[in-house]
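Data first, discussion second: the structure below is written as structure tokens.
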Amino acid sequence: MKSLFLRTALGAVMGAGLMTLSAAPASASVADGVAQIQNEKYADAMRTFKKEAAKDNGDAMYYIGDMLRNGLGQKAAPLEATIWWEKGAYLGNEKCQIALSHAYRNGIGVKMDPRQALIWDREAAKNGSIIAYKNLGDYFATGNGVEIDEKEAAKWYYLSSKGGFPAAYVALANLLRDGEGIEKNPVAAYVLYEAASKPVKNFEAERNAAADARILGHKLSAADLERAKKLSVEDVLDSLESLKKLSEESSKK
């Protein structure tokens, strides 16, 4: 069960991309609870988290929900998990907000409700969550709970990419490759696919990004491919002036 926790802890907060445990909780006591789960001391961990949750610790509420959702130390109880995430979400905890949006988006413990999911992703975005930024891009790209707006989707993917989220690199690369919501730029798309194919702090590599880069690379001219290999993600993002302007306008609202 230890390996299960390593893959699922913080899993619900993602929406896309695997976050690793290096995203450590701020509270020492909550960190103790995480260590107890890794050592399969589930009852001890639950006691630790509930003690902290009684002090309105949102991180503790997130982990209680995570244990309940995944059945660590007891039978899985997804509905009870969402109750804890909702408590933390109303306290402004980013992880709980993302977990709750994930639950509503996928019908985990609650009835599937894209509009409720959108509400909580917007709240998490206000807290600067790069995962929420990416999720917001998905809503506008697919029309899930909102009207399709590829330009707005590109803006949110851009903001998430600025934070270093590999899943957002792929989403933005898809738009750049096809010229949807932004001017077509296959060279920039290639750079982002390549970046997403490598793990970064707190996130694993995106599973299909290397294949996406390889396929697109075969379609680029030799000169464009050579140019792409000299560019960094920062170079690409800095070159996207229209998205930079959109994101700056949003931050002023």
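Numbered by mature numbering (1 follows the signal peptide of the UniProt record, and there is no 0), the letters in the sequence shown go through residues -28 to -1, 1 to 225 in order. Note that CB positions come from ideal geometry on N, CA and C, so glycine has one too. Computed from a prediction, not measured in an experiment: that's the story for all the values here.
Residue i classed as buried or exposed, judged by whether at least 16 other C-beta atoms fall within 10 angstroms
i	result
Asn42	buried
Ser73	buried
Lys27	exposed
Lys202	exposed
Lys156	exposed
Ala15	exposed
Gly153	buried
Ala(-6)	For Ala(-6), the pLDDT reaches just 49, beneath the cut-off of 50, and the residue's location in the model is therefore unreliable, although a value from the coordinates is still provided. Answer is exposed; the Cβ neighbour count stays below 16.
In DSSP terms, what residue i is bridged to
i	result
Val172	Phe175
Contact check, residue i vs residue j, beta carbons under 9 Å
i	j	result
Thr54	Ala32	no
Trp56	Ile70	no
Ala200	Tyr141	no
Tyr35	Val82	no
Tyr130	Ser204	no
Leu215	Lys106	no
Leu147	Ala113	yes
8 Å contact criterion, which residue i and residue j should meet: CB distance rounded
i	j	result
Gly109	Ala125	5 Å
Pro158	Lys191	7 Å
Asp4	Thr20	6 Å
Ala185	Glu213	With 8 Å as the limit, Ala185 and Glu213 do not qualify as a contact, their Cβ atoms being about 24 Å apart.
heavy atom of the ligand ATP below 8 Å from residue i C-beta
i	result
Gly45	For the ligand ATP, the structure offers nothing, since it holds no ligand at all.
Contact between the region 94 to 105 and the region 48 to 67 is defined here as three or more beta-carbon pairs at a separation below 8 Å; is this criterion met? yes
Under 8 Å: do the region 133 to 147 and the region 166 to 176 share three or more Cβ pairs, one atom per stretch? yes
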